[in-house]
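Residue numbers (the working numbering): 499 to 808.
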């Protein structure tokens, strides 16, 4: 069960689950089931609640999908065993998607779907199920399963992605935004391990962000159970924005590179390269996280707004 996440999107389901959680008694039941499966009598004794009340609360939790129950043989007939389904809940707040900016193009790129790379150890990839190829073997980046990677890392070098350019005819970009979960890379992990990570768009370096470390002290929310506890766990969600007056990271200007410099209107594709230069002050590697690893349920996201020419 550990690491299982209930993701709530539907409004009715959100309401039902929140109602089920809106009880101190039911929260106590969920707490005791975190450690082991229990029958009704065990729960009743553990939280000092009458069995009849436990039965009512168990039914509410079961209806909300938070727990499941099954009958198993016991010393005196069958017994109802209760099991926790999830240990985390992710709530997507409802909203009117029709209100989104219509002049906005979004493309989500899986981190394993790179088109070119040049990496050096420490390096490797893993899907949600297992390590891909061999650790610290550059050839693993050519493994047929690399497209399924949910985490990839390298000590220096780069990976390059090719996004389709879906700008309509007779239009031009007004803002480009690139976001990803990312951090430094070293053997095992090191929270104090800076790395100067560069981003290139269409061959133009738009700016450098210095990652403060390779994060492993706190386990990633989305990481599968099999992932190693002594390795990188999560990154930081960083957002690069290229506008008509410069490039920004999380709202802070980092360079004077503008939309006119990257010339996305002239190409059918948009190249995005992520890496660490050999002559960087801090050659501290890169970890990239997909939507099933780390703390953020997203791949590499490219967004750009546009306007039509008069």
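Don't be surprised by glycine CBs; every beta carbon is placed ideally from N, CA and C. Because the structure is a prediction, the values reported are computed rather than measured.
As computed with DSSP, residue 567 is found in a beta bridge with 580.
Close CB contacts of residue 732 within its chain, under the 6 angstroms cut and outside five residues either way in sequence, are with 713, 718, 792, 793 (chain order).
If you ignore the 5 residues before and after residue 535, its C-beta comes within less than 6 angstroms of the C-beta of 579, 581, all in its own chain and listed in chain order.
With a contact defined as Cβ atoms closer than 8 angstroms, residue 755 and residue 740 qualify at about 7 angstroms.
Secondary-structure assignment with DSSP links residue 699 through a beta bridge to 702, 770. Taking C-beta atoms as the reference points, residue 607 and residue 748 fail to come closer than 8 angstroms.
For residue 766 against residue 663, the beta-carbon gap comes to about 5 angstroms, under 8 angstroms, which counts as contact.
Nearest C-alpha to residue 625 among 605, 650, 601, 602: 650. Residues 656, 658, 698 of the same chain have their beta carbon placed closer than 6 angstroms to that of residue 771, with the five preceding and five following residues left out of the count.
Bounds of the alpha helix (DSSP H) holding residue 540 are 538-545. Around residue 665, the same chain offers 603, 671, 762, 763, 802, 804 as residues with beta carbons nearer than 8 angstroms, after the five sequence neighbours per side are excluded. With a cutoff of 8 angstroms on beta-carbon distance, residue 538 and residue 553 are scored as near each other. Closest option to residue 707, judged by alpha-carbon separation, among 567, 694, 715, 701: 694.
The bridge partners DSSP lists for residue 607 are 798.
As the crow flies, the alpha-carbon of residue 757 is around 11 angstroms from that of residue 702. With a threshold of 16 other beta carbon atoms within 10 Å, residue 622 meets it and is buried. Counting only runs of at least 3 residues, the region 613-698 fully encloses the following beta strand (DSSP E) elements, listed from N- to C-terminal order: 614-624, 649-662, 669-681. At a Cβ-Cβ threshold of 8 angstroms, residue 709 and residue 782 count as neighbours. Under a 10 Å Cβ-count criterion, residue 779 is classified as exposed, with fewer than 16 other Cβ atoms of the shown protein chains found around its own Cβ. Apart from sequence neighbours up to five positions away, the residues of its chain that approach residue 545 with a beta-carbon distance below 6 angstroms are 526, ordered along the chain.
When secondary structure is reduced to three states using DSSP, residue 708 falls in the strand class.
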